[in-house]
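Heads up, the sequence shown is in our numbering, so the first residue is 67 and it goes up one at a time. Read through the structure below, which is laid out as structure tokens, and then see the notes.
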Amino acid sequence: DMRKAAENLEFGGAARLRDEIKRLEAVELAVADDPLARQSAVDDAVEEAVSKRGRSTAGKAGSNAKSAAKGKGRRR
Numbered sequence: 067d068m069r070k071a072a073e074n075l076e077f078g079g080a081a082r083l084r085d086e087i088k089r090l091e092a093v094e095l096a097v098a099d100d101p102l103a104r105q106s107a108v109d110d111a112v113e114e115a116v117s118k119r120g121r122s123t124a125g126k127a128g129s130n131a132k133s134a135a136k137g138k139g140r141r142r
């Protein structure tokens, strides 16, 4: 279903399916790790597993690590 949605350029639907798969896998792993875990512990494990990581904002477009570290960038 996810591949079919992506092929039809339904990226929102494909992303929702991907996220749901990730959530279900996290639930399965949390329960397998501790079968007697409380629902709140499972929810916390799922939240940690599926939380989105932000992208780095340290770099600027068109720069690389070496020139940024040395302070050698294009000057106008």
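For glycine and all other residues, C-beta sits at the position ideal for the given N, C-alpha and C.
When the Cα atoms are used, what is the spatial distance from residue i to residue j?
i      : j      : result
Ala98  : Val108 : 10 Å
Gly79  : Glu73  : 11 Å
Ala115 : Arg89  : 8 Å
Asp110 : Phe77  : 27 Å
Since I believe residue j is in contact with residue i (beta carbons under 8 Å), could you give me their beta-carbon distance rounded to a whole number of angstroms?
i     : j      : result
Ala81 : Val112 : At roughly 17 Å, the Cβ-Cβ gap does not stay under 8 Å, so Ala81 and Val112 are not in contact.
Enumerate in chain order the residues of its own chain whose CB-to-CB distance from residue i is below 6 Å, with the five nearest sequence positions on each side excluded.
i     : result
Asp85 : none
Suppose the cutoff is 8 Å on Cβ atoms and the five residues either side in sequence are ignored; what does the same chain contact list for residue i look like?
i     : result
Leu95 : Ala111 and Ala115
Starting from the C-beta of residue i, find all residues in its chain whose C-beta is less than 7 Å away, skip the five residues before and the five after it, and write them out in chain order.
i     : result
Ala71 : Gly79, Ala80 and Leu83
Asp67 : Leu83
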